[in-house]
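First the structure, in the form of structure tokens, and then the observations on it.
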Amino acid sequence: MKDIVRLSASLLGDVSADGDIESDVAKLASDLIRIPSVTGKEGEVSEQIARVMKTLGMSVEFDEPQQGRKNVIGRLEGTGKGPILVFNGHVDVVPPGDISKWNKDPFGGLVYDGRIYGRGAADMKGGLASILTAVSRFVNSSSKMKGELVMEAVVDEEAGGRAGTGRLTIEKPVRGDFVIIPEPTNLELAIAHKGDLGLEIEVEGRSAHAATPELGINAVHKSIQLATKILAIPERFKWSYRTHALLGPPSIAISVIDGGIQRNIIPDRCRMVVDRRTVPSFENLEVARREFSTIMSEARAEDSQLKVSMKELLAVEGTETKQGEEVVQLVSKVCSDVMGAPPKIIGLKGFCDCHYFSENLGIPAVAFGPGRLEQAHIIDEYVEIEQLVAATRIFHRLMEDLLS
1 MKDIVRLSAS LLGDVSADGD IESDVAKLAS DLIRIPSVTG KEGEVSEQIA
51 RVMKTLGMSV EFDEPQQGRK NVIGRLEGTG KGPILVFNGH VDVVPPGDIS
101 KWNKDPFGGL VYDGRIYGRG AADMKGGLAS ILTAVSRFVN SSSKMKGELV
151 MEAVVDEEAG GRAGTGRLTI EKPVRGDFVI IPEPTNLELA IAHKGDLGLE
201 IEVEGRSAHA ATPELGINAV HKSIQLATKI LAIPERFKWS YRTHALLGPP
251 SIAISVIDGG IQRNIIPDRC RMVVDRRTVP SFENLEVARR EFSTIMSEAR
301 AEDSQLKVSM KELLAVEGTE TKQGEEVVQL VSKVCSDVMG APPKIIGLKG
351 FCDCHYFSEN LGIPAVAFGP GRLEQAHIID EYVEIEQLVA ATRIFHRLME
401 DLLS
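Residue numbers (the numbering used here): 1 to 404.
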């Protein structure tokens, strides 16, 4: 932990006023990283977060969508009427992949040269540690509290969030006034994110000897023709008019093509996976679905031999919280007070759980947290400790301003 003391003062301000924030938040983040919690196997880390919540005096409730997987809801209730501040963060992480390519143990939680390394360091165990450390400071510094503080530690976000925030916002909805999700935004304020429609498209052909291709129906060739039409969707439907100020234009990508058995057999099937990102305010998932349906209908009309089926793998709506919303103004003000300048307003080209709050509860939510997106999901993933400290100070100040 000696590297922690080498942090610059640019984000910390007067370190002595913060006590041991940097060592506390670094230790907690490291501890959480050391508990593997790849999506579907989050039980142990959820239990550990629940134990921390209880030591802070929070009441704890579990929601178990599947055996061994637990959403955790911790609450601090005040003595009088006031707002409800909700922090929502996911405990699951993506797989580390080929561990031999890592220079640092993906589940080691190594603290080195002002960084913490490991899967989930940026996305988002560092953010969870910042929230819990801020709660600890708040509990110790506030004699009276109004309103309510809620922290949700959820599963499944990396797989779309249906068993996590998606489930909680329907089965156990909170009455939140302010919702903050500590995604790795580089301490910038994300008020919008794209939607995502994932499609699996399968083309059926007829096998034959490759020496007599005329006797078969080549599913790979049919798929290539169909892929050409899919990639022409932006021009076909004039996407140039749908550019979002924060998110840019919609996007489309064919991310998987799988077909054929071997060189001398005409393939009788071919599978494609398509990733279609939508932008709020200009389009929604239904618009994207209609575009694909139109393309499929046109392709079938042009080719009587084309047999194609399509199913959805993922469907997440985009969302946008207006800059005039109180939660945006609140976070901006606190950042100005703590950091000396308001945060940059951004949009996320990926998606997070913000949309569940707007869709299911009508509550505007924002993403704001330590770490950078480019540090997440990579080999030797890491988060900078000075960002954890800055996030902790900002979260603590939010609690003080709203609830004290």
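We put the beta carbon where it would ideally sit given N, CA and C, even for glycine.
Under 8 Å between C-beta atoms of residue i and residue j
{"i": "Asp-92", "j": "Val-38", "result": "yes"}
{"i": "Glu-47", "j": "Val-155", "result": "no"}
{"i": "Thr-243", "j": "Pro-280", "result": "no"}
{"i": "Leu-25", "j": "Ala-129", "result": "Here residue 25 turns out to be Val, not Leu, going by the sequence shown. Yes, these two residues count as a Cβ contact at 8 Å."}
{"i": "Ile-116", "j": "Ile-394", "result": "no"}
{"i": "Val-366", "j": "Gly-195", "result": "no"}
{"i": "Arg-277", "j": "Pro-234", "result": "no"}
{"i": "Ser-59", "j": "Gly-109", "result": "no"}
{"i": "Ala-299", "j": "Leu-226", "result": "yes"}
{"i": "Ser-332", "j": "Leu-189", "result": "yes"}
{"i": "Glu-325", "j": "Pro-364", "result": "yes"}
{"i": "His-193", "j": "Leu-348", "result": "yes"}
{"i": "Gln-387", "j": "Ile-191", "result": "no"}
{"i": "Glu-171", "j": "Asp-63", "result": "yes"}
{"i": "Thr-79", "j": "Lys-27", "result": "no"}
Same chain only: Cβ atoms within 7 Å of residue i, ignoring 5 sequence neighbours per side
{"i": "Ile-217", "result": "Gly-205, Arg-206 and Gln-305"}
{"i": "Thr-169", "result": "Tyr-356, Phe-357, Asn-360 and Leu-361"}
{"i": "Gly-259", "result": "Ala-219, Val-220, Ser-223, Pro-267, Arg-269, Cys-270 and Arg-271"}
Whole-angstrom distance between residue j and residue i, CA atom to CA atom
{"i": "Thr-89", "j": "Val-150", "result": "With the sequence shown as reference, residue 89 is identified as Gly, and Thr is not the correct amino acid for it. Rounded to whole angstroms, Gly-89 to Val-150 spans 11 Å at the Cα level."}
{"i": "Leu-76", "j": "Val-334", "result": "21 Å"}
{"i": "Asp-3", "j": "Glu-202", "result": "Here Asp-3 scores only 34 on pLDDT, less than 50, and its place in the model is too uncertain to base an answer on."}
{"i": "Asp-113", "j": "Cys-270", "result": "48 Å"}
{"i": "Val-139", "j": "Ile-254", "result": "49 Å"}
{"i": "Arg-167", "j": "Leu-402", "result": "27 Å"}
{"i": "Gly-161", "j": "Ala-211", "result": "48 Å"}
{"i": "Ala-341", "j": "Leu-85", "result": "23 Å"}
{"i": "Lys-146", "j": "Gly-176", "result": "14 Å"}
{"i": "Ser-142", "j": "Ile-21", "result": "17 Å"}
{"i": "Gly-40", "j": "Gln-66", "result": "9 Å"}
{"i": "Thr-294", "j": "Lys-311", "result": "15 Å"}
{"i": "Ser-404", "j": "Thr-133", "result": "17 Å"}
{"i": "Ala-219", "j": "Arg-236", "result": "24 Å"}
{"i": "Lys-70", "j": "Ala-208", "result": "51 Å"}
{"i": "Cys-352", "j": "Ile-346", "result": "14 Å"}
{"i": "Thr-321", "j": "Glu-283", "result": "16 Å"}
{"i": "Arg-263", "j": "Leu-313", "result": "30 Å"}
{"i": "Leu-56", "j": "Leu-199", "result": "44 Å"}
{"i": "Pro-173", "j": "Cys-354", "result": "14 Å"}
Cβ shell of residue i (< 8 Å), same chain only, five flanking positions each side left out
{"i": "Pro-184", "result": "Ala-122, Asp-123, Met-124, Gly-126, Gly-127, Gly-369, Pro-370, Gly-371, Arg-372, Leu-373, Gln-375, Ala-376 and Val-383"}
{"i": "Arg-289", "result": "Leu-197"}
{"i": "Phe-107", "result": "Ile-33, Arg-34, Ile-35, Pro-36, Pro-96, Gly-118 and Arg-119"}
{"i": "Ile-252", "result": "Ile-230, Leu-231, Ile-233, Pro-234, Val-274, Asp-275, Arg-276 and Arg-277"}
{"i": "Val-308", "result": "Ile-201, Glu-202, Val-203, Glu-204, Lys-222, Leu-226, Met-296, Ala-299 and Arg-300"}
{"i": "Lys-81", "result": "Lys-146 and Gly-147"}
Same chain, Cβ closer than 6 Å to residue i, neighbours up to 5 away in sequence not counted
{"i": "Gly-120", "result": "Ile-33 and Val-93"}
{"i": "Asp-14", "result": "Residue placement at Asp-14 is flagged as unreliable, the pLDDT there being 35, under the threshold of 50; a coordinate-derived value is accordingly withheld."}
{"i": "Ile-49", "result": "Val-72 and Ala-153"}
{"i": "Arg-397", "result": "Val-334 and Val-338"}
{"i": "Ser-336", "result": "Pro-342"}
{"i": "Glu-158", "result": "Thr-39, Asp-92 and Val-94"}
{"i": "Phe-87", "result": "Ile-131, Met-151 and Ile-180"}
{"i": "Glu-61", "result": "Ile-73"}
{"i": "Val-52", "result": "Leu-132"}
{"i": "Ile-379", "result": "Lys-101 and Trp-102"}
{"i": "Ile-257", "result": "Met-272"}
For residue i, the three-state DSSP class (helix, strand or coil)
{"i": "Gly-248", "result": "strand"}
{"i": "His-209", "result": "strand"}
{"i": "Gln-305", "result": "coil"}
{"i": "Gly-80", "result": "strand"}
{"i": "Arg-175", "result": "coil"}
{"i": "Arg-290", "result": "helix"}
{"i": "Pro-65", "result": "strand"}
{"i": "Glu-386", "result": "helix"}
{"i": "Val-94", "result": "coil"}
{"i": "Met-58", "result": "coil"}
{"i": "Leu-231", "result": "helix"}
{"i": "Phe-138", "result": "helix"}
{"i": "Leu-348", "result": "strand"}
{"i": "Lys-70", "result": "strand"}
{"i": "Ile-131", "result": "helix"}
{"i": "Glu-381", "result": "coil"}
{"i": "Glu-374", "result": "helix"}
{"i": "Asn-284", "result": "coil"}
{"i": "Glu-298", "result": "helix"}
* Asked: Can you list, in chain order, the stretches of the beta strand (DSSP E) that have 3 or more residues and sit fully within the segment 234-281?
  -> 251-259 and 269-278
query = What are the start and end residues of each continuous alpha helix (DSSP H) run of 4 or more residues lying completely inside the segment 140-194, in chain order?
reply = Within the segment 140-194, the complete alpha helix (DSSP H) segments of 4 residues or longer fall at 165-171, listed in chain order.
Can you check the segment 307-338 for any beta strand (DSSP E) of at least 3 residues that lies completely inside it and give the ranges in chain order?
-> 307-316
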